[in-house]
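Numbering (my numbering), first residue to last: -1 to 198.
Even for Gly, the Cβ is constructed at its ideal location relative to N, Cα and C.
What follows is a short report on a single structure.
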């Protein structure tokens, strides 16, 4: 199986996450790659779109929940260390101090776990790929920078591997969007009160 995956030739060594039998052959895709193979097993096309980048500001904005959780975890760890030092230095056997140390350790563990979950969810959001019957949509980078303003969606035809349409998000660092497969519309929240539709 590993040899077969390597033989796909996906850019950035991505592993496939979709395998679909179509009228044209076998369609295989990952977050940034799409291949179609004929019924004879020969590759018909390979399409690759670069992953969207994020600036440091974008990382900080999108990681706000993770950063806050990380701060809580670090504060708990620091408090636990201070209390443990005080206990050892003064030779205290006070049950309240032991309870405070335990609570600080629990707060540190919970904060760190929450931070890990938050950062994992951010990564998933930028790796999201959604598919429909005749096309696949992928998040991509339209510019040569690592800036959020260059990120958007491209729609790729599964039959030909050609890009049908592109949609640029602009300055949104964590865009909220959904795709209506039947109506072929990208609905996009451009600000707090505005929902826009983009037909492709």
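Taking the beta strand (DSSP E) that residue i falls in, what are its first and last residues?
i, result
"residue 194", "192 to 197"
"residue 149", "149 to 155"
"residue 16", "16 to 19"
"residue 26", "24 to 27"
With a CB to CB cut of under 8 Å and the five nearest residues on each side skipped, what residues in its chain are close to residue i?
i, result
"residue 158", "43"
"residue 17", "24, 25 and 26"
Less than 9 Å between the beta carbons of residue i and residue j, yes or no?
i, j, result
"residue 162", "residue 133", "yes"
"residue 36", "residue 22", "yes"
"residue 164", "residue 177", "no"
Under a Cβ-count criterion, where at least 16 other Cβ atoms within 10 Å of its own Cβ denotes burial, should residue i be classed as buried or exposed?
i, result
"residue 156", "buried"
"residue 19", "exposed"
"residue 191", "exposed"
"residue 52", "Because the pLDDT at residue 52 is just 48, under 50, the model does not fix this residue reliably, and the value given afterwards should be weighed accordingly. So residue 52 counts as buried."
Apart from the five residues just before and just after residue i, which ones in its own chain have a Cβ nearer than 7 Å to its Cβ?
i, result
"residue 185", "175, 176, 178, 193 and 195"
"residue 47", "30, 136, 138 and 152"
"residue 166", "140 and 150"
Can you tell me the Cβ-Cβ gap for residue i and residue j, rounded? I've got them flagged as a contact below 8 Å.
i, j, result
"residue 50", "residue 149", "4 Å"
Once you ignore the five residues that flank residue i on each side, which residues in its own chain have a CB closer than 6 Å to its CB?
i, result
"residue 141", "148"
"residue 24", "35"
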